[in-house]
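**Q** 96 is the number that full-length UniProt numbering gives to position 96 of the sequence shown; each next residue is one higher, with no gaps.
Ideal placement from N, C-alpha and C gives every residue a C-beta, glycine not left out.
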Amino acid sequence: MLLAVGRFFRGPIEENEVISNNLVGFWILLSKEISKRAGKQNLFLWNVHFTGLPNWWKWDRKFKEELNYYTLNNIIINGKQNFDEDKMEFNLYLDFKSIFNIE
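1) To the nearest whole angstrom, what separates the beta carbons of G79 and L67, a pair I think is in contact under 8 Å?
2) Give me the DSSP bridge partner(s) of D95.
3) Does the separation of the CB atoms of V48 and L30 fall below 8 Å?
4) Where DSSP assigns a beta bridge to K80, which residues make up the other side?
5) Nearest-angstrom Cα distance between N33 and N82?
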């Protein structure tokens, strides 16, 4: 929700809600990174896992301010990946600890 509308809430997005450019930027950056990592033979499914996120009540204004193109790009580029040979799919782990200063 924070990426979509710039605030966290539970419930559906209103019909006239403005979608944040952070959400669009996130998906563009993520798509480019997966395409780069997959190479020419993009035959497998990619699962994206979000790690390092605390419970939503710990999200503060600082998180919203740091959630920008450059931070998202760094998180995506530094994401760790592995290949699950049983399922024949990739896993990409995006670590958000740096934004929340979680050790």
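**A** Quick look at the numbers:
1) The C-beta separation of G79 from L67 comes to about 16 Å, leaving the pair out of contact by the 8 Å criterion.
2) Bridge partners of D95: T51.
3) yes
4) DSSP, once it has assigned bridges, lists Y93 as partnering K80.
5) The question names Asn, but residue 33 in the sequence shown is Glu. Going from the Cα of E33 to the Cα of N82 covers about 14 Å.
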